[in-house]
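Undergrad:
Protein chains: 2
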Amino acid sequence: MNQDYIKPDNWSIIEEGFDADQVKSSESIFSIGNGAMGQRANFEELYSGPTFQGSYIAGVYYPDKTRVGWWKNGYPEYFAKVLNAPNWIGINVIVNGEPLDLFTCKKIEGFRRELNMKEGWLSRSFKAVLQNNTQVQVESKRFLSLELDEIGAIKYSVTPLNDNAEIIFEPYLDGGITNEDSNWDDKFWNITGIAHSDNQAFIEAHTMKTNFHTCTFMQSEILVNNKRKDIKPKIFEAEDIISFAYTVKTQKNQTATIHKYAGYTVDRDHHQNELVLAAKKALATAVKSGFEALLKQQKNAWSEIWKMSDISIEGDVKAQQGIRFNIFQLNQTYLGTDAHLNIGPKGFTGEKYGGSTYWDTEAYCIPFYMATKDQQVARNLLEYRYHHLSKAIENAEKLGFTNGAALYPMVTMNGEECHNEWEITFEEIHRNGAIAFAIYNYHRFTGDNSYIKEKGLEVLIAIARFWYQRATFSTLKNKYVILGVTGPNEYENNVNNNFYTNYLAKWCLEYTVDCINSVKHNYLEDFERIRVKTNLKGEETYKWIEVADDMYFPFSEEHNIYLQQDSFLDKELIKVDKLPKSERPINQKWSWDRILRSPYIKQADTLQGFYFFEDRFTLEELERHFDFYEPFTVHESSLSPCVHCIQAAKLGRMEQAYDFYLRTSRLDLDDYNHEVEEGLHITSMAGTWMSIVEGFGGMRVNNEKLSFAPRIPEQWQSYSFKVNFRQQIIDVNVSKDGTTFKINGRTPLQILVNDKAVTISPDNLLTI
Amino acid sequence: MNQDYIKPDNWSIIEEGFDADQVKSSESIFSIGNGAMGQRANFEELYSGPTFQGSYIAGVYYPDKTRVGWWKNGYPEYFAKVLNAPNWIGINVIVNGEPLDLFTCKKIEGFRRELNMKEGWLSRSFKAVLQNNTQVQVESKRFLSLELDEIGAIKYSVTPLNDNAEIIFEPYLDGGITNEDSNWDDKFWNITGIAHSDNQAFIEAHTMKTNFHTCTFMQSEILVNNKRKDIKPKIFEAEDIISFAYTVKTQKNQTATIHKYAGYTVDRDHHQNELVLAAKKALATAVKSGFEALLKQQKNAWSEIWKMSDISIEGDVKAQQGIRFNIFQLNQTYLGTDAHLNIGPKGFTGEKYGGSTYWDTEAYCIPFYMATKDQQVARNLLEYRYHHLSKAIENAEKLGFTNGAALYPMVTMNGEECHNEWEITFEEIHRNGAIAFAIYNYHRFTGDNSYIKEKGLEVLIAIARFWYQRATFSTLKNKYVILGVTGPNEYENNVNNNFYTNYLAKWCLEYTVDCINSVKHNYLEDFERIRVKTNLKGEETYKWIEVADDMYFPFSEEHNIYLQQDSFLDKELIKVDKLPKSERPINQKWSWDRILRSPYIKQADTLQGFYFFEDRFTLEELERHFDFYEPFTVHESSLSPCVHCIQAAKLGRMEQAYDFYLRTSRLDLDDYNHEVEEGLHITSMAGTWMSIVEGFGGMRVNNEKLSFAPRIPEQWQSYSFKVNFRQQIIDVNVSKDGTTFKINGRTPLQILVNDKAVTISPDNLLTI
């Protein structure tokens, strides 16, 4: 780990003491969100030190022109990004004529930040001596309301400690924001109107090109010692900013407070001409409730979420803090109610990865959402891809594929490819397999037979067609090969026969044929509809099976393992533990070509295949592959440690599994990869959940039954989690003494525990 | 071929009839240059149709920011480009109030363009009817003076044919120019001064960042029916443009003429404060001589060049026109007098490839310049790289190499890597070998023993160190391998054990050790100096030889050939002639990933190795490799057909060799690759020269002796060329009846003809 300043706590993330070097990291870690918008933990007041400002609105993105060298056919046309949106949190604070600015204060004492995950709010407090020697105590608290998801609420208090003071609160809205990752310094926002009435202000703006219309709004109240004061503000309005300055005269030790209610209304929810109207309504509701009542609603709303999704760990505060942080951030990012939204790798906590959808959703996030929410949430995530099918077919056509073959984009906002790196978009085609796997995984877990016949089969057929065309026959090997790919290990480019990709391709072809047969057998009418719609020919499936049967997998007789790709063994096989620490992480220390020809694995690749398809390999095979690949794995992708954790646990290597668990669960809190300031790794947080539930709990679904093989790390007394399985909630508690299961419904449920069938009865604790 | 509008002619390139669709192609083909500057064949007068404007000054470039996706360690920092420079050719022509514009004229008759290669000028004539019904005859002629290399001269005449006319000539200088290939729309030029005095005008400007200072200047004279007229111009001056409008009243059939003398002075030749002064001097000299006298000097200068470098072909006008066009353009681009300049792949005829230096110079251009110029010219080209050695070492250090290893950049202006494509800069490392090979080639041809001991050996040692470190040991193969490269065939990326690269690496290691031993033996003092300077250790050379001896080469037993790279045979080996014509060229029709995994070879790769190292392979081996690879070669690089021509000729396949000859020599004239409008393929033109001299003439140097194996294509009666070999000029004439050799000196010369030793005596024609 690379940082150790977050205080251990079961329910909160806490920072104590001010360190300008940690500001950007903390801005990521203390981010808040409510599914509809997100906000980095930027200070409300001016901060003149290094900072990374970020306010994001779900689904509001811009198609920035890509940066590639000489454009070649098939390169992605644009690089989509969820934009830094107009600033709604800003409050300039001027104390006796001097702006409060933590970067220039003479002295800062008792700085404390808390992200209270149980209740869903962020607070900050400190004592500061300004350059003008005024001494102030500052307290702030803010949250993004789950209940009113257009509203953010801030309570900000200043108490002069050494004398009376004139305090000016100047809440503002600022549309003059930029993106740090802009490729061409384009202007992203067009401000169409700035208005104010009474205590309210509005900035109407739409994104360039994509034309997402938004209204950013605010309204404030001033209190002195908790009593409302009616102060007439001085209004300042410029091209892209509007502010209200409230001057408050305070006595020594009197507390001046501002409540700022602010946020966004967007044309995803309202007509674009009614955004100001909608903003007024939202403000009216919020102001009427008041800060404290809204905060109470917030606590209740989070309490509901935790009821289902909490994982508690006894005896290991850091582990407990880690998993709750992960679950909290996942819920801040995506609540699953809108099939047009999805989960970006950084959620709403930074600009990297553009806020777009990657294969992370299908490979890592779906299990979490399936087990902790209503099944409709996971189904919404599947439907997101169904809605994009025609664009995926177009995408494949651009690359020369025919007959309705689909290649889903590596990165997308609206179904179109929108990545910044051509080599990944062309080569990292395994994402197409993960999208198919998610359909299988959803069906396996939920037992929902309707999705495949209604929508999923069309997706599967288009994906199978892609793999069939993408495989080519090697006369030399007398097998079908898949050339020129990048596997999950992005530290290799343009390799041949990546085991994971080839296996996924083979499986996709087989599974699609299974699904076709099953739909034909059980839902002939649906089959006919899909057959006509996709122009499916009987002989196609035979050809698919031929390719699946004759798929090539590189294998080393010497090591008795499948090779990650054809020429893996030609590399200089120096293990990671032989690398000097000064050269890690290699993606920051080495040139890219050196990484590409090294044996170092960015993230689980062959082992990812063993995770998806564990039924097809023996434990001994898993062990050999784990022993071979783990020593070359640098885990420089956030998506890596969780898979290794699950595999280590399966192999009974609990100490190693525990290390991987800490790494995945505290990846951001402890900044393992030296990059947390860029934002949090949201999608891998679902992998942390899998580490406990699938890794330690050993949860699987086998033949329609939930199955467990509970293990517990030495360091823990117990842990417990809940799973929503087919409309029943199972409560699992694992301790060193055994495991208990409880069911929250009226029907008994047969499960497997360590391969033995047992039945959980309602209202009875099953102890094993 | 894709166009057929250039009229066959022995000494000129001729276009007849105006076709707006050909304007951009002709702008490339009819380009003029004098080594110091170059000018596309843009019209002097306004042209409102599609055009690609280009005026270039040798060595004046800009480091444009590169476009890459997410920047990774070692990516090139900038993309250098020789800039489109202020326009010096422009002359607006207004006839009876209407601007002459070929795109809008009512009628154009007798349009004719001629690039007279014998004398080095470009002319244009046409009859046009303007929208206002004025009928005019227009004649223009221009050239870039070889004698006064800062001067371009234009003679432009207009004759009204149907009535008297008021003709306004408005010569101008325009600094408000842009580059089409600008990555970020940066401003490249900063104009620091616009001035005029009498008939002269000056624009002083320097490039941003690189700060190359230039003065663009002009002076004009007006004539009516060849008599000078003293007309006071109306001067127009704006931010970045200055023009002089001369109004001339002409009678019907009277000819109004303007002489415009213009060009650039640059701080490569003058102090930056004296550029206007230098311009005035250049103008004074030019104006004093006058257009016709300058033209005569031009003819004489070109006559001198042709004396040595001409190749004449009897019986095949198109073939003749092709080779002369190639030799002409090479001489327009680079005259070899300045070791700071080099030869960009497009010379001064377009923006692509940025005017930078590629490996083309070493692999293709050096033989031409060695044989047709003084040996100092080739030596200057070698010294160019010697001057860049420390930057090449820095470049390698950035990529993790140590101990003085050098990796020369793929593309450079000043020794730094400045390409737009990261994958090429990292992977296409074979250029390092070509730079070593050129040292060998120069020494082999010239017998100049001083270069290696003075400069070359340092370069060789640094290159050997690179190859030694870049090769890694494969336990699996029990050999040294070179992973993750791109060979000359850029239609494969990141492959392992590219035969050409591995062979070149092996050869470099061996040759460097040979040179070390030879310098140590013959020039101990030099050796000591270099040993100390490079910190060369004795054991290094042993290790180099070990790697050279144990280098791995992929080989197919089945085909009995070396494989282009490890996995070439895994590809779908469908031959080029089975591809539908509609899918060619594949680089315009296919997506990049499809190209990368196809077997199609952009340019000679394994065969390039057989060309460099032909002594090490038998004719049978060559034949097998030619037969295997040629059917997969699409020749979508200009550098490909010449190598295949040479190899086909060597195999006695003269019909095929002839086709390749036409393809290389008329690549641009007939636009084989659908892209001539982007500019000419200058460096490959030296390959055309090699096709005749080395391919048909079979010229080699063996054991210090010139050797020939003359062949002649069926379509030709005879051909002849000259070679400057070690200060003696040999004149070779090959006809169907035999070959004659003449020597232009006082010493007899023993040569080999078809492996037999014969002696050419001065003043005696040797006939064989």
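As you go down the protein sequences, you meet chains A and B in turn. Each residue of the first sequence is one higher than the last, beginning at 1 in the working numbering. Each residue of the second sequence is one higher than the last, beginning at 769 in the working numbering. Even glycine gets a Cβ: it sits at the ideal position worked out from N, Cα and C. Values in this document were obtained by computation on a predicted structure and should not be read as measured data.
#1: If distances are taken between C-alpha atoms only, which option among B:F1378, B:Q1376, B:T1125, B:T984 comes closest to I1010 of chain B?
#2: Using a beta-carbon distance cut-off of less than 8 angstroms, what residues from the segment 356 to 379 of chain A approach chain B?
#3: Report the rounded CA-to-CA distance for H1038 of chain B versus E918 of chain B, giving the unit in angstroms.
#4: Taking Cβ positions only, does S567 of chain A come closer than 8 angstroms to chain B?
#5: In angstroms with no decimal places, state the Cα-to-Cα distance between A1239 of chain B and Q564 of chain A.
#6: At which residues does the alpha helix (DSSP H) containing V791 of chain B begin and terminate?
#7: For the segment 1175 to 1191 of chain B, list every residue whose C-beta sits within 9 angstroms of some C-beta in chain A, in sequence order.
#8: Compare the C-beta of V276 of chain A against all C-beta atoms of chain B and say whether one is closer than 8 angstroms.
#9: Would S1359 of chain B count as contacting chain A if we go by Cβ distances under 8 angstroms?
#10: Answer with yes or no whether the minimum CB distance from D550 of chain A to chain B is below 8 angstroms.
#11: Give the DSSP-derived three-state secondary structure of M370 of chain A in the structure shown.
#12: In chain B, which residues lie less than 8 angstroms from G400 of chain A when you measure between Cβ atoms?
#13: What in chain B is Cβ-close to L483 of chain A, meaning under 7 angstroms?
#14: Is S51 of chain A close to chain B? Criterion is C-beta to C-beta, closer than 8 angstroms.
#15: To the nearest angstrom, how far is the alpha carbon of A1046 of chain B from that of S913 of chain B?
#16: Give me the DSSP bridge partner(s) of H964 of chain B.
#17: Which of the three DSSP states, helix, strand or coil, is assigned to S925 of chain B?
#18: Taking the DSSP output, what are the residues bridged to Y1487 of chain B?
#19: I want to see whether chain B comes within less than 8 angstroms of G74 of chain A, judged by CB atoms only; does it?
#20: Compute the Euclidean distance between the alpha carbons of K1490 of chain B and L1063 of chain B, then round it to the nearest angstrom.
#21: Say whether chain A places a C-beta atom closer than 8 angstroms to the C-beta of S780 of chain B.
#22: Please report whether the beta-carbon of E427 of chain A lies at a distance below 8 angstroms from any beta-carbon of chain B.
#23: On the criterion of 16 or more Cβ atoms from any shown chain inside 10 Å, does L1533 of chain B qualify as buried, or is it exposed?
#24: Quick check: the Cα distance between L706 of chain A and A434 of chain A, rounded to an integer number of angstroms?
#25: If distances are taken between C-alpha atoms only, which option among B:Y1487, B:F1493, B:R1514, B:K1510 comes closest to K1504 of chain B?
#26: Suppose the cutoff is 7 angstroms on Cβ atoms and the five residues either side in sequence are ignored; what does the same chain contact list for N947 of chain B look like?
#27: So N724 of chain A packs on K373 of chain A, CB below 8 angstroms; how close in whole Å?
#28: Using a Cβ-Cβ cut-off of less than 8 angstroms, give me the residues of the segment 465 to 481 of chain A that come near chain E, in sequence order.
#29: Please list, in chain order, all residues of the same chain as N778 of chain B whose beta carbon is under 7 angstroms from its beta carbon, the five residues on each side excluded.
#30: Please name the residue in B:K1159, B:W1360, B:V1281 whose C-alpha comes closest to that of K398 of chain A.
#31: Does L122 of chain A come out as helix, strand or coil in the three-state DSSP assignment?
#32: By Cβ distance, which residues of its chain are closer than 7 angstroms to T1374 of chain B, with the 5 residues on each side in sequence left out?
#33: When you check each C-beta in the segment 944 to 972 of chain B against every C-beta of chain A, which residues fall closer than 7 angstroms?
#34: E528 of chain A to I89 of chain A, Cα distance in whole Å?
#35: Taking the beta strand (DSSP E) that S1057 of chain B belongs to, which residues open and close that run?
#36: Are the CB atoms of N1264 of chain B and N494 of chain A within a distance shorter than 8 angstroms?
TA: Taking the geometry as given:
#1: B:T984
#2: none
#3: 12 angstroms
#4: yes
#5: 22 angstroms
#6: 791 to 797
#7: H1187, N1188, E1189, W1190, E1191
#8: no
#9: yes
#10: no
#11: helix
#12: W1358, S1359, R1362
#13: D1338, K1339, R1365
#14: Checking the sequence, you will find Thr at residue 51 of chain A rather than Ser. Not closer than 8 angstroms to any Cβ of chain B, the Cβ of T51 of chain A fails to qualify, so no.
#15: 16 angstroms
#16: B:A969
#17: strand
#18: B:I1081, B:V1502
#19: yes
#20: 26 angstroms
#21: no
#22: yes
#23: exposed
#24: 22 angstroms
#25: B:Y1487
#26: K849, L851, N852, F956, E1119
#27: 7 angstroms
#28: The chain labelled as chain E is not found among the protein chains of the depicted structure, namely A and B.
#29: V1085, Q1088, Q1089
#30: B:W1360
#31: strand
#32: F1267, Y1268, Y1330, Q1332, H1393, Y1397
#33: W952
#34: 55 angstroms
#35: Unbroken run through S1057 of chain B is the alpha helix (DSSP H), 1043 to 1057; no beta strand (DSSP E).
#36: no
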